[in-house]
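Be aware that the sequence shown starts at 26, since it is given in the working numbering, and climbs by one per residue. Beta carbons: idealized from backbone N, C-alpha and C, even for Gly.
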Amino acid sequence: MTDAPAKFRLAASRFLLPSARDIIFIFLFWSVLVGPLSKLPLADPDIGWHIRTGEQILITHALPRTDPYSSTMQGQPWFAWEWLYDLVLGILHHFCGLNGVVWLCAVVVASTFTILLSQMLKRGTGLLLGIVLMLLAECAATIHLFARPHIVSWLFVLLWFVALERWEEGSAPQRLYPTQANNRLEWATFSAWFFPVSMLFWVNLHGAWILGLILLAIYFVSSVVESWRAHDAFAALNATQRARKMGLFWIASALATFVNPFGWRLHSHIYSYLADRYLMSRISEFRSPNFHFVPGRCFGIILVLAVFALAGRRRSLRLSHVLVLLLAVYAGLLSARNLPVSSMLLVLVTGPILWENFATLATRPGAWKWKRTRIAGIVEFSDRMGGQELQLRGHLWPVVGVMGALVLCLQGGWLGSSQLIHAQFDAKTVPVAATDFLQKEPSAEPVFSTDTWGGYLIYRLYPQRQVVVDDRHDLYGADRVRQFLVVMQGEPGWRQALDNLQIRTVLLPADSTLASLLGELPEEWEAKYEDQLAVVFERRVR
């Protein structure tokens, strides 16, 4: 009985004491909400039409089937395939404004990278190295750290990888990482339903659900090959059973993708969009990453560390890990928008290997004694701290921080006389003042602008005014995008294209080619508003 108070204090300390992961979560959450990363969530203006779509769903209690925002595409079929995320945005924006939109982004991003760190620790990566790799992956993700639906796919890819790893390791007679919990086989059988069930949500949140099917296919192929190469009948039977179940649940997950408002037409639409070479070569986020900027450099560092890890590897990798690494490298080099997912997959697979290679330096006979001593001290300290870290499972303070921030957002971000949270579009990159001018104009004419600013104009001007184009490139198609580029870049035929579109109001970057061309036609176009960022032209009445 004398041990009861001690056990209670130990349990209480594990619940109340913040772990390193709790601290990192809180740091990431507040960095995105009000800190140095707070400008990123709204840096992509197309979040504007996501918000308005969610609000329309709330008002009409129905999904939009045709486009309401564009004068050129009004009434045309539109696949709002991210409707579920838009609905959540609409609810948060209704109660909290833009603060709620950024709050959701902060929650998803902080949760994703905290789970990433936790999984690296559980898989055998030392705490110090795990934090470094997590921060590198976070820096790589800043290239696309927007409050758009794709951030949910980051979380889903991470959760699917973790579930697949536990499934594969739980049914294997020998496990690569002995730090995993027992009874993995029973857990794997139960968690197999996680894939089709979670796919029901994923397919209605974002279009990157195809990555989940690719990951599941990778582990299925790995299990099949393992059953062929097994050295004993027991291992072959385990691999065969696992492959059979993975195949069945891949089919179940694939069927779950058809549980969306558009049915099979969604699959056809996404395929047509991604297969359009013209669009893929001109949309910046689908192009290969630029390694001259910080996100690309961080991804490059992760690639170099992965090469070092594999070069010093003493044991062969599992086939599933080889295929995941190939997927991550290919996807990351193919498209800049894939850097977050690729970085996470790379550090998850190579983190334990890097730590194992580093730890072996402490016992290398040819190394200097002082070097072995220091490395051994670092490894011992990191392993001890990592073990203590995994025992702290309360996570009370992240919950308190998130809920406290939500209460502040519901109050407009105000705490007493101080406004702590004030999310807004950056007037240095988005035409806030020019749009204010357009709002005061009595005209209901559509506004021609860049596709980048289209989402913001929808957010500010709809339903009073429509846009001519925005960045829903899958809606407009290659032919219309080509036509818009002819106008924006002042290519031969631009005046005729502008006349054919019956444009009367134009909002352009002040330094754009089209703004310069219209400025040379004062008899046809009048500059009604101009600042350092944007200029508004209106066609003169003849």
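### Query
What does DSSP give as the partner residues of ALA258 in its beta bridges?
DSSP, once it has assigned bridges, lists no residue as partnering ALA258.
### Interface flag, PHE50 vs chain B, CB-CB below 8 Å
Included in the structure is just one protein chain, with no chain B present.
### Task
Let me know if GLN464 comes out buried or exposed under the rule of 16 or more other beta-carbons within 10 Å of its beta-carbon.
It counts as exposed.
### Integer Cβ distance of GLU551 from ARG529, believed to fall under 8 Å
Not confirmed; about 11 Å, so no contact.
### Message
Please identify the residue among SER341, PRO174, LEU146 and LYS147 whose C-alpha is closest to the C-alpha of TRP74.
### Response
Residue PRO174 is the option with its Cα nearest to TRP74.
### Message
So, at 7 Å on beta carbons, what are the nonlocal neighbours of ILE176 in its own chain, with the 5 sequence-adjacent residues on each side left out?
### Response
Answer for ILE176: CYS130, VAL133 and VAL134, listed in chain order.
### Task
Pick out the complete alpha helix (DSSP H) segments inside the segment 481-522, 4 residues or longer, and give them in chain order.
Counting only runs of 4 or more residues that sit fully inside the segment 481-522, the alpha helix (DSSP H) segments are 498-513, in chain order.
### Task
Please name the residue, chosen from PRO61, PHE383 and HIS169, that lies closest to LEU154 on a Cα-to-Cα basis.
Checking every option, the nearest Cα to that of LEU154 belongs to PHE383.
#### Entry: the segment 224-231 contacting the segment 177-185, beta-carbon criterion three pairs below 8 Å
Taking a contact to require three or more Cβ pairs closer than 8 Å, the segment 224-231 and the segment 177-185 qualify as touching.
### Query
How do the segment 82-97 and the segment 490-507 stand: do at least 3 beta-carbon pairs fall below 8 Å, yes or no?
Verdict: yes, contact present.
### Query
Just how far apart, CA to CA, sit HIS498 and LEU58?
If you take the alpha carbons of HIS498 and LEU58, they lie about 29 Å apart.
### Query
By DSSP, does GLN444 sit in helix, in strand, or in coil?
Here GLN444 sits in strand by DSSP.
### Query
If you draw a straight line from the alpha carbon of PRO328 to that of LYS553, how long is it in whole angstroms?
Here the sequence assigns Leu to residue 328, which means Pro is not the residue at that position. Going from the Cα of LEU328 to the Cα of LYS553 covers about 51 Å.
### Message
Closer than 7 Å to a non-hydrogen atom of the ligand SAH - does that hold for the CB of HIS447?
### Response
Absent from the structure shown: the ligand SAH. Ligands present: none.
### Message
Can you tell me whether ARG267 is helix, strand or coil according to DSSP?
### Response
When secondary structure is reduced to three states using DSSP, ARG267 falls in the helix class.
### Query
Is LEU482 closer than 8 Å to THR460 when the C-beta atoms are compared?
Yes, the Cβ-Cβ distance between THR460 and LEU482 is below 8 Å.
#### Entry: In DSSP terms, what GLU555 is bridged to
Bridge partners of GLU555: VAL560.
### Task
In angstroms with no decimal places, state the Cα-to-Cα distance between LEU379 and LEU539.
LEU379 and LEU539: Cα-Cα distance of roughly 52 Å.
### Task
Please look up how many angstroms separate the CB atoms of ALA334 and THR375, rounded, as I've assumed it's under 8 Å.
Correct: roughly 4 Å between the Cβ atoms.
### Task
Just the C-alpha distance for ALA68 and PRO320, rounded to the nearest angstrom, thanks.
Each residue's alpha carbon lies about 15 Å from the other.
#### Entry: 4 or more residues per run - each alpha helix (DSSP H) lying fully within the segment 161-195
Every alpha helix (DSSP H) stretch that sits fully inside the segment 161-195 and reaches 4 residues is listed by chain position as 175-195.
### Assigned exposure category for ASP504 - 16 Cβ within 10 Å defines buried
Looking at its Cβ environment, which holds fewer than 16 other Cβ atoms inside 10 Å, ASP504 is exposed.
### Task
Could you check which residue in PRO43, LEU41, ILE403 and ALA162 has the C-alpha nearest to that of LEU330?
Considering only alpha carbons, the answer is ALA162.
### Whole-number beta carbon distance between GLY441 and HIS447, since they are thought to touch under 8 Å
The Cβ separation is near 14 Å, so there is no contact.
### Message
Taking the straight line between their C-alpha atoms, what separation do you get for ARG520 and GLU107?
### Response
So the two alpha carbons sit approximately 36 Å from each other.
### Message
Measuring only the C-alpha atoms, how far is TYR110 from GLU80?
### Response
Take the alpha-carbon of TYR110 and the one of GLU80: they are about 11 Å apart.
### Query
Which one of PRO89, LEU431 and THR167 has the shortest CA to CA distance from PRO61?
Checking every option, the nearest Cα to that of PRO61 belongs to THR167.
### Task
Could you name the residues of the same chain whose beta carbon sits closer than 8 Å to that of GLY325, not counting the 5 residues immediately before and after it, in chain order?
Excluding positions up to five away in sequence, the list reads PHE316.
### Query
Looking at PRO66 and ALA172, is the spacing between their C-beta atoms short of 8 Å?
Between ALA172 and PRO66, the gap from beta carbon to beta carbon is short of 8 Å.
### Task
Indicate whether the contact test is met: 3 or more Cβ pairs, each with one atom in the segment 115-125 and one in the segment 276-294, closer than 8 Å.
No, they do not touch.
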